[in-house]
Amino acid sequence: MPANSAIVRSDLEIPTVVSNPLGHSMRLHHIYHRCPLSVQGKQFPADLIELPHKEFDIILGMDWLTEHRAVVDCSCRTVWLRAEDGSDVSLSGEVFPKTPEFISSLSARRLIRKKCEMFLCHVQDMRKESPRQQDIRTVCNFPDVFPEDLPVE
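Position in the sequence shown (first residue = 1) + 2 = this note's numbering.
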């Protein structure tokens, strides 16, 4: 939430524990009550619990979706909501290229033990020019480190 926002952050009476798809749990402590979500000029208030993730804009629960008579069309990436005046408004999702995710080898091992499907790949940019031989630094260019009297194999 922006620092200059009029929406006040409150503490949850009981912290909520959630887990992400990798199985890591986190305790959530803060909530923003009655945040005005605006879709096509219509207001849809929601109580939002603060998440530490940057990849999510907002997560709306089943109770909120039911209250606003949501119809989710996954193939079109569209959500239809019923406003207080009875009109239907739509919200369309955007497809952004996903940034690659990297995990540690410990996390990878844990996921493999849980029978998660894993893929290992090596990516090389073939458009990039290979270095020329004269551009590669060699030990003969460092006589103070590698004296010439060392035996050559």
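Using N, Cα and C, we set each Cβ at its ideal position, and we do this for glycine too.
- Between the C-alpha atoms of residue 133 and residue 103, what's the straight-line distance to the nearest angstrom? 29 Å
- Message: With a threshold of 8 Å, are at least 3 pairs of Cβ atoms found where one atom belongs to the segment 83-94 and the other to the segment 58-71?
- Response: yes
- Query: Roughly how far, in whole angstroms, is the beta-carbon of residue 53 from the beta-carbon of residue 33, given that I think they are within contact range, below 8 Å?
  - Reply: With 8 Å as the limit, residue 53 and residue 33 do not qualify as a contact, their Cβ atoms being about 11 Å apart.
- Query: What does a CB cutoff of less than 7 Å around residue 114 pick up in its chain, not counting 5 residues either side in sequence?
  - Reply: 120
- Pick out whichever of 62, 80, 45, 94 has its Cα sitting closest to the Cα of residue 88. 45
- Item | Top-ranked residue by Cα proximity to residue 91, from 105, 42, 106 | 42
- Counting along the chain, where does the beta strand (DSSP E) carrying residue 13 start and finish? 11-21
- Message: Measuring alpha carbon to alpha carbon, tell me which residue in 47, 65, 128, 17 is nearest residue 35.
- Response: 47
- Message: Between 20, 136, 37, which has its C-alpha nearest residue 12's C-alpha?
- Response: 37
- Query: Where residue 130 and residue 16 are concerned, what is the direct C-alpha to C-alpha distance, given to the nearest angstrom?
  - Reply: 54 Å
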